[in-house]
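Residue numbers (this note's numbering): 61 to 254. Remarks on the structure that follows.
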Amino acid sequence: VMSRNGSGVWSIVNKAKANDGQANDHLGYSVSIYNTEIAAGAPDQDFDAAGGSALTDAGAVYSFMRVSGVWSQTQKMVAADRKAGDKFGFSVSRFNSSVSIGAPYQDYTTGVSNLASNAGAVYLFNKNGTWSQHQKLTTSDRQINDNFGYSVAMSAHDIVAGAPFDDHSSPSILLDAGSIYVFNPMPGNTWAQR
61 VMSRNGSGVW
71 SIVNKAKAND
81 GQANDHLGYS
91 VSIYNTEIAA
101 GAPDQDFDAA
111 GGSALTDAGA
121 VYSFMRVSGV
131 WSQTQKMVAA
141 DRKAGDKFGF
151 SVSRFNSSVS
161 IGAPYQDYTT
171 GVSNLASNAG
181 AVYLFNKNGT
191 WSQHQKLTTS
201 DRQINDNFGY
211 SVAMSAHDIV
221 AGAPFDDHSS
231 PSILLDAGSI
241 YVFNPMPGNT
251 WAQR
């Protein structure tokens, strides 16, 4: 983690690591900062938030907070319906007390419903003291190998997520042309595709 001093010079202030880090977790594959908190993806992490229930490359996102200039882990987030190979944390975007997390190799809309291998998903976590999963977003036209959630960006009014391998069918077939999907907040504190 780097910080800029009053002279505009950047320097390393400390190195943040996961409390349960393992070989090949790839912590830092994606990062997003908001004020004094970082969300960092480890898409190849295998264990749940409690450190058990190993699922190869299910993925995790770690929250780090800066206190007195030192960054320390505060929480580990995993998807409620995590599966091996989802790569949850492949992309992250923080805004205010929310974080959007991409899992581009996720296969299902909910639980084990509507299988479409590697269609992808984006998970929304909200913080109210601690981080908890609020919603899972999937696309209305999801297909196998779209990889929705490969990239994600979030603001107060939009969640935008990339599906770089989405195929277009009109006016002609365009394999892997890619798409971006925009979600907006709705009444009831949920998000919906626009």
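By construction, the Cβ of each residue, glycine as well, lies at the ideal position given by its N, Cα and C atoms. Nothing here was measured: the structure is a model prediction, and the numbers come from that model.
Query: Spatially closest choice to aspartate 141 from Phe124, Gln105 and Lys196, by CA coordinates; Result: Lys196
Query: Bounding residues of the beta strand (DSSP E) (the contiguous stretch that carries glycine 112); Result: No beta strand (DSSP E) holds glycine 112; DSSP gives it neither H nor E.
Query: Nearest-angstrom beta carbon gap, isoleucine 219 and valine 172 [assumed within contact, 8 Å]; Result: In fact, because the Cβ distance is near 24 Å, the residues do not count as touching under 8 Å.
Query: 8 Å Cβ shell around aspartate 236 - same chain, five flanking residues per side excluded; Result: Pro224, Phe225, Asp226 and Asp227
Query: Contact the region 107-115 vs the region 154-173: 3+ CB pairs below 8 Å; Result: no
Query: CB contact flag (tyrosine 122, alanine 139, <8 Å); Result: no
Query: Buried or exposed by the 16-neighbour rule on C-beta atoms within 10 Å, applied to lysine 147; Result: buried
Query: Residues near threonine 250 in its chain [Cβ-Cβ closer than 7 Å; skip 5 each side]; Result: Gln195
Query: CB contact flag (lysine 136, leucine 115, <8 Å); Result: no
Query: Close Cβ partners of serine 187 (< 7 Å) along its chain, the five nearest in sequence each way excluded; Result: First, the residue type needs correcting, since residue 187 is lysine and not serine in the sequence shown. Only Ser157 meet the Cβ criterion.
Query: Contact belief for glycine 149 with alanine 120 at Cβ below 8 Å, rounded distance in angstroms; Result: 6 Å
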